[in-house]
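Participant: Just so you know, numbering that gives the first Met the number 0 puts 108 at position 109 of the sequence shown, and the rest follows in order with no gaps.
By construction, the Cβ of each residue, glycine as well, lies at the ideal position given by its N, Cα and C atoms.
One structure, as structure tokens, below. Some questions next.
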Amino acid sequence: MEFNYNLLGHYSIIISSLGLFGLTILIINKRIKEIGIRKVNGAKTKEILSMLNGEFIKWVAFAFVIACPITYYILNKWLNNFAYKTNISWWIFVLAGIITVGIALLTVSWQSWRAAKRNPVESLRYE
Numbered sequence: 000m001e002f003n004y005n006l007l008g009h010y011s012i013i014i015s016s017l018g019l020f021g022l023t024i025l026i027i028n029k030r031i032k033e034i035g036i037r038k039v040n041g042a043k044t045k046e047i048l049s050m051l052n053g054e055f056i057k058w059v060a061f062a063f064v065i066a067c068p069i070t071y072y073i074l075n076k077w078l079n080n081f082a083y084k085t086n087i088s089w090w091i092f093v094l095a096g097i098i099t100v101g102i103a104l105l106t107v108s109w110q111s112w113r114a115a116k117r118n119p120v121e122s123l124r125y126e
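Below you can see the structure in the form of structure tokens.
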């Protein structure tokens, strides 16, 4: 039985999305009282979403900035070993960054929206 390396990329995206989803749930559960207080004080859903999403996007962008030069170096060394040489285009990294931010936004936004729409009385009931 032969291993299909094309599926490896799909599995890694699914596993990283699940990890990001779990991290989102953990952070939102830690900040549920803060979100409730902000809702009571008049914060809109859009403001809460931008607060929660901005934090995650900042970390995803930071990881992307670190990963780009490392990836370029490794790919360049690997591609130089082939008989037919090819160059790495800059737009591939831009496309990868856009896709990464899009997946992170989809993963985080859904859970953030659920937390922002929750009734603040439920989170502040036992205070």
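Check whether the Cβ atoms of V107 and F55 lie closer than 8 Å to each other.
Facilitator: yes
Participant: Note down the Cα distance separating I24 from Q110, rounded to an integer number of angstroms.
Facilitator: Here the alpha carbon of I24 sits roughly 7 Å from the alpha carbon of Q110.
Participant: In the DSSP assignment, find the alpha helix (DSSP H) that holds K76 and state where it starts and stops.
Facilitator: 44-78
Participant: Say whether the stretch 89-107 touches the stretch 11-20, bearing in mind that this needs 3 or more beta-carbon pairs closer than 8 Å, one atom from each stretch.
Facilitator: yes
Participant: So S122 and K43 are in contact, right, with Cβ under 8 Å, and what is the actual spacing, rounded?
Facilitator: Contact flag wrong, Cβ pair sits at about 17 Å.
Participant: For E46, which option in P119, Y71, N118, W112 has the closest C-alpha, if you only look at C-alpha atoms?
Facilitator: W112
Participant: With 16 as the cutoff for other CB atoms within 10 Å, does A82 come out buried or exposed?
Facilitator: exposed
Participant: May I ask which residues mark the beginning and end of the alpha helix (DSSP H) holding G35?
Facilitator: 31-39
Participant: Where does F81 sit, in a helix, a strand or coil, going by DSSP?
Facilitator: DSSP places F81 outside both helix and strand once states are collapsed to three, so it counts as coil.
Participant: Apart from the five residues just before and just after A103, which ones in its own chain have a Cβ nearer than 7 Å to its Cβ?
Facilitator: L19, F55, I56, V59
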